[in-house]
Amino acid sequence: EIIETKCEHWEIKDWSKLDTRTIGPIMKVGGHDWNILLFPKGNNQTECASIYLDLTNAKSNTDEYACAQFVVCISKLSDPTKYTLHSAQHRFTAEESDWGFTRFVPLTDLYNEATGYLEDDAVRITSIVRVVKDPTGILWHNFINYDSKKITGYVGLQNQGATCYMNSLFQSLFFTNSFRKAVYQIPTERDEPTKSIALALQRVFYNLQFSNLAVGTTELTRSFGWDSLEAFRQHDVQEFNRVLQDNLEIKMKNTPADGAIKNLFVGRMKSYIKCINVKYESSRSEDYYDIQLNVKGCKNLEESFRDYIVEETLEGDNKYMAEGYGLQDAKKGVIFESFPPVLHLQLKRFEYDMMRDMMVKINDRHEFPTDIDLEPYLSGNADKSKGHKYVLHGVLVHSGDLSGGHYFAFVKPEKDGNWFKFDDDRVIPSTLKEVLEENYGGEQLGIPGMNMRPNGRPMNRFTNAYMLVYIRECMLDQVLAPVTEQDIPRHLGERLEEEARIREQRRKDKEEQHLYMKAFIADDDTFRANTEFDFANFDEKDAVENRLLMSRIRKNQTFGEFKQEIAVGLGLPSSQFRLWLMVNRQNRTVRIDIPIPAEDNDSTVDEIRLRYATNQPNLRLYLERATAVDEHGQGVFPPQPQQSPVILIFIKLFSPEHQEIHGLNRLYVQKDAKVKSIIDTLKQMAGFSQEDEILIYEEIKATMIDLVDVESTFSQAELQDGDILCIQKRLTPQQEAIVLENGGKATVPLFMEYKTGRVFVQFSPVRPDGELPDMRLALHKDMLYEDIAALVARELNVDGDKLRLINPYNTSKLPPKRFSGMKLGKILANAYHNGAPVPANKATFLYEKLDVSLEEMESKCPVTVTVCAPTFKDAHTVEVLLPKDSGINDLKAALVAKDDKLAQDLDRIRIYDEMDGKFDKEYTDRAWRADIATRPALKVFAENIPEEEMEGNLNPNDIFIHVFHFQRTPNRTHSIPFKFLLKESESLADTKKRLQARTGLDDNEWSKVKINIVADDEENTTQISDQDEQLFSSHTYNAGDMIGLDHIDKSSKVDKTGAIFIRG
């Protein structure tokens, strides 16, 4: 819609005297001031003059904006036919207040005496400005810093890769308010979002209602059982909607939401065949969740509905076999018995092109109205007490072709509200023309010559409506009733708000991370708790266990303030302790260095770090408590190390009898005193008698524990502040022999060498069942696999020969093998993560208790048998081990010995396998021997052969047919396939009874099964009518035909066919 169009001329007399940047006279168009912005010598270049149209007041009034189409023309004053012009359209805002042409006209063209536009240094600039109305508020928007919530009140959904099809459907379902309320009614208080579809969907809906930013769907797709790869696989909206609704119906059972899906989306239709010349009619009524309507050959939605219910005449060779009347002319058709409150219409935009032997997209024009009366398509006896006028609520659009494309949705959230376009994370207001005309498909509209094929004909649009959502007008207020806080589970909001608070705190912590540092404070208790090498373990995650105090402190806090905080926490005056800096020594140990002097109390903690420990990101400190105080209550400490005659050393005690080492105490010693001078003190510390001899070692580094010469002074022994001495009793030969006999180490160096090679390994059962425990054992890298297995077997109190240890990172499909003869260090270095070594403290093995010895298992073939007895619903797994040269009867005998559900007569047992969910082959002895001899493992099925299928009971004309299960489409298989006897002349009712008995489904489950005849190539699928007399009465049997049982897959297996699955 045009607000105003105006043409203005600006005649310039002295072009060469113009400023580098010249502003033209003000023009008033469409309620706005405009001017030409001219750069006569070029803008950011010098080859061309630059001319722009400028919204004059936009920069001073940031709320002002205008949408305009404009033409700028430069012409000769005396001859207007000599000109050059450019045109454009733009949304003029404070950020982009001018728009135009940097290279409007080359200066050489402008000044050319023969053909140029300048005449006596004068020229005319003409501008035509057309200001147009912005009906949606976002016309020609560049969407930089666009805020969907601020502009529309709604937010979008993030695209994970190719989930636009899912996003468009969820927006439609979200604004079907009755559906949203029903989802909120599913109890989910104790659920986890990545494991509960109901909770994950509730969270998405809650965030769509209350969030200010686009909402993620990763939790939701994880709850489906999808991995990240599935998020990059585009699916069909209709198929996804059906699978989702099937799943939610199950989740809503026995909850306040029970029946909501059916009440909202399910209608009923009747298929019928009515004889023309005799009084006979066969009909079947069934529910539907959506209606698939033809686009090809139909101009609009009304024609598609008429096409859907058009009757087909069965005559000539196609006559109908009417029970009791023989072949008869008949009318075959479909009529609707009811329409649901919310009607999903699938427009069949894709079909198989026989000429091209491929699926193609139909981009034909197909119109749909904002409202439609569906009463003409109802059966005569349908309830018509209330009107069947339906109002358009949503349009789901596909843009692209069969190989790929993009989905988005138009939705009208409120009864009398506006339309909005939901395109993944962006929501924008839309006009009715954008909703309807631009999504009808058909030929492109636009400027002649544009969007044209080489032959001159317009090209078809590839963006068009694919799914329509209509709501029954008389139920609009009910379906779109507002979702209030009372409709939302309280726990949902509380949980999300708490998660948001935690996220915000983490964001703030991360943002302020550069302002903080960590301080690790060790004291004498920390040293005493250490049973390993060095002073202490400074690993943050083990801080509590290691009696290590960890604090997060601001870098600009003074050291004095920090020390005072510690004092308050300890309940100790700050004058009665001092803090030593701990540093990394060159020998890769962490030891005390110097006490931080009182003069540094006014320095910040970061200045302390930079001054004394430049290469450390955090502070590591040792807190030394005073052992004496003066008359003023001040702690008494030796002077700073440079002036001090003493050094502070730390003592560890090793007990060979208990194979333990731990921190004992600390001790100030005179530098020039001999080491032997402290022996009596050390004995007293350790609780030794004065007659006991002791050995004194120094911990220099992990691989160097040296005996100290007690006759040397501490200075001569090169001992300094922070060094660690390890003491032990000198063992007699008899005592040493006892220690060695028990597998221990007799001296500190040997014991520490052993501890350095120690690895903590987690052992977990292959199949956690609550009975077998998880264990964490301390092992050594030099231990052999056989020793490890024996140790684990002792812990579990099982036979070591019947225990198997398995690498949990092994992705091979072959049965796991032992690491025979390998040491643990080599196993961990090579056997995990495709050769990468295991990270520290991450070593893990799975263990499995076996019924036979490991040697026997590895020399035989493991066979996993799914025993389908007494019915397929009772299927259970049995594991057997068979020699590589065994026959089929050996397998059957092994199964009978283990499973009392199988027949004792081996000839009554059928062994078979499947491929892609369909029956593959029944094993003969020859086929079995070939497979077991060459394959590392086998998976097969076993069942009792029904009495009717035994050789003596078969009729010559009976045939076997394969039966499989699928959901929606035959390539989406599930459950266990089987072989079935098709009896000549058996009624359909009796065939169905036998099928039901084989599957083990109860009457309620069986009532939901649709029986289909599926051709061998799966191209043709024919659903069997309940009115048919026999299974093949209306369909000619062809070799390879199968029976397909169409019903919901309640398993959680991953579908590898590319079809959509959602975890049950």
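Just so it is clear: in the sequence shown, position 1049 is 1049 by the numbering used here, and no numbers are missing.
Where a beta carbon is used, it is the ideal one built from N, C-alpha and C, also for glycine.
As the crow flies, the alpha-carbon of Y612 is around 26 Å from that of I651. By DSSP's assignment, F763 forms a beta bridge with M775, F845. K860 carries a coil assignment under DSSP once its states are collapsed to helix, strand and coil.
Rounded to the nearest angstrom, the Cβ distance from V469 to H344 is 6 Å, consistent with a contact under 8 Å. Straight-line spacing of the CA atoms in F170 and S196 works out to 17 Å.
When the alpha-carbon of P80 is set against those of Y117, D54, N57, the nearest one is in Y117.
If you draw a 10 Å sphere on the C-beta of P25, you find fewer than 16 other C-beta atoms in it, and that means exposed.
Taking C-beta atoms as the reference points, V867 and A927 fail to come closer than 9 Å. Per DSSP, the continuous alpha helix (DSSP H) segment holding Y111 begins and ends at 107 to 111.
Residue pairing of V29 in beta bridges, as defined by DSSP: H32. At the C-beta level, L988 and D958 stay beyond 9 Å of one another. In this structure, K1010 sits near D1046, with a CB-CB distance shorter than 9 Å. Per DSSP, the beta bridge partners of S283 are Y272. Taking C-beta atoms as the reference points, N177 and L480 count as a pair closer than 9 Å. Here W580 is buried: its Cβ has 16 or more other Cβ atoms, across all protein chains shown, within 10 Å.
The Cβ atoms of T844 and V761 sit closer than 9 Å to each other. Counting only the Cα atoms, S575 lies some 9 Å from Q564. Between the alpha carbons of C275 and D329 lies a distance of about 6 Å. One alpha carbon belongs to L293, the other to L347, and they sit about 5 Å apart. Here S50 really is in contact with F104; their C-beta atoms are around 6 Å apart, less than 8 Å. Looking from the CA of S16, the closest CA among Y289, D120, E1 belongs to D120. Looking only at W34, Y52, N35, the smallest Cα-Cα distance to G42 is reached by Y52. Apart from sequence neighbours up to five positions away, the residues of its chain that approach I273 with a beta-carbon distance below 6 Å are S282, Y320, A330, K332, ordered along the chain.
Residues S285, E286, D287, Y288, F336, E337, S338 of the same chain have their beta carbon placed closer than 8 Å to that of R268, with the five preceding and five following residues left out of the count. In the structure shown, Q505 adopts helical secondary structure according to DSSP, grouped into three states.
Here the alpha carbon of T1021 sits roughly 27 Å from the alpha carbon of E949. Boundaries of the alpha helix (DSSP H) around L208: 197 to 210. Here the alpha carbons of E607 and N618 stand approximately 12 Å from one another. CA-to-CA, the gap between R994 and P489 works out to about 47 Å.
Listed in chain order, the non-local C-beta contacts of E375 below 7 Å within the same chain comprise K384, H388, local neighbours out to five positions each way being set aside. In the three-state DSSP reduction, P733 falls in the helix class (H, G or I).
In this structure, M857 lies near R804, with their beta-carbon atoms less than 9 Å apart. Residues E367 of the same chain have their beta carbon placed closer than 6 Å to that of N300, with the five preceding and five following residues left out of the count. Annotation: F562 to W226 spans about 50 Å, alpha carbon to alpha carbon. The alpha-carbon of I932 is positioned some 8 Å away from that of S886. In the DSSP assignment, S178 falls within the alpha helix (DSSP H) that extends over 177 to 184.
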